[in-house]
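Report on one structure; see the data block that follows.
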């Protein structure tokens, strides 16, 4: 058990074990070795009383490394400071303007990522991606939103057309597809087309190709109007597909060195039909 005592040198209180009362002990405040007297006894700076005839041997002070017996009245250690958060550590490490710049950069990145995510697959086409495409055989040219890939188109005997080619480009970000294709007319159909003044036979060819394209795109709804390109004529279709909206043109060219049915169009979500239609339609040219 510890007993409170007073230092005769500095006057401050501290604690010593019961066995150390009346003996000399180091003061934890001033490090002076004094006689440990209880607090009830008067604390003075007078010299110690004269020892008895047979005094007990004086207690030698303990080495400094072992002076841990004497404790102050406030023997509870001070609590450690609370740990600082990572944000406070970073704020102390960087100047204020650096922190502001980092915050602005984070906000800009988050805003850009949000905007990019919202426009992903929206059908918006960049003005810089359009390129002029000419068929490998030089039969036609058109502006497309990117360099297309080629695939074979099988013949359609029901529409009196043979095989041909389709050239398609798809934007990885806009998810908009644009294509142009052709199928050669069968030689047996050419005399009938020349004699088709009321366009009944021509309408049958276009109807057959229209049905085939609707099936390929999975069209659920469509409206159409008649169009004319130079000396040829055809139809324009506005359609709804599982991937959004589509606009397509079919042009039957019976004259010239390459009698063909040309089909070109585009498909995408929230696509600008008017702007895209104007660019595709106005740039399509048949090279005779």
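Numbering (our numbering), first residue to last: 136 to 423. For glycine and all other residues, C-beta sits at the position ideal for the given N, C-alpha and C.
Check	Outcome
Mind checking which residues open and close the alpha helix (DSSP H) that includes residue 388?	Careful: residue 388 lies outside any alpha helix (DSSP H), inside the beta strand (DSSP E) at 379-388.
Since residue 382 and residue 401 should fall inside the 8 Å C-beta cutoff, what is the C-beta to C-beta distance between them, to a whole number of angstroms?	6 Å
Could you check whether residue 275 and residue 419 sit closer than 8 Å to each other, using their CB atoms as the reference points?	yes
Locate the alpha helix (DSSP H) running through residue 346, then write down its first and last residues.	335-352
Can you say whether residue 150 is buried or exposed, counting buried as having 16 or more other CB atoms within 10 angstroms of its CB?	buried
Quick one: is residue 269 buried, meaning 16 or more other Cβ sit within 10 Å of its Cβ, or exposed?	exposed
Taking contact to mean at least 3 C-beta pairs separated by less than 8 Å, is the region 295-309 in contact with the region 318-335?	yes
Helix, strand or coil for residue 287? Go by DSSP, reduced to three states.	strand
Mapping DSSP to helix, strand and coil, what is residue 199?	Confidence is the limiting factor: at residue 199 the pLDDT is only 48, short of 50, which leaves the residue's position unreliable, though a coordinate-based value still follows. Residue 199 falls in the helix class under three-state DSSP.
In terms of residues, what are the limits of the alpha helix (DSSP H) holding residue 404?	No alpha helix (DSSP H) contains residue 404, which DSSP labels as neither H nor E.
Enumerate in chain order the residues of its own chain whose CB-to-CB distance from residue 164 is below 6 Å, with the five nearest sequence positions on each side excluded.	145 and 147
When the Cα atoms are used, what is the spatial distance from residue 385 to residue 371?	7 Å
Tell me where the beta strand (DSSP E) around residue 160 begins and ends.	159-161
Going by DSSP, what residue range makes up the alpha helix (DSSP H) through residue 313?	Premise fails: residue 313 lies in the beta strand (DSSP E), 312-320, not in any alpha helix (DSSP H).
Answer yes or no: does any C-beta atom of chain D fall closer than 8 Å to that of residue 151?	Structure shown: chain D not included; a single protein chain is present.
Report the rounded CA-to-CA distance for residue 200 versus residue 217, giving the unit in angstroms.	Here the model assigns residue 200 a pLDDT of 47, short of 50, so the residue's position is not dependable and the matter cannot be decided.
Who are the near neighbours of residue 423 in its chain, counting only those whose CB is closer than 6 Å to its CB and skipping five residues on each side?	391
Cα separation between residue 290 and residue 264?	32 Å
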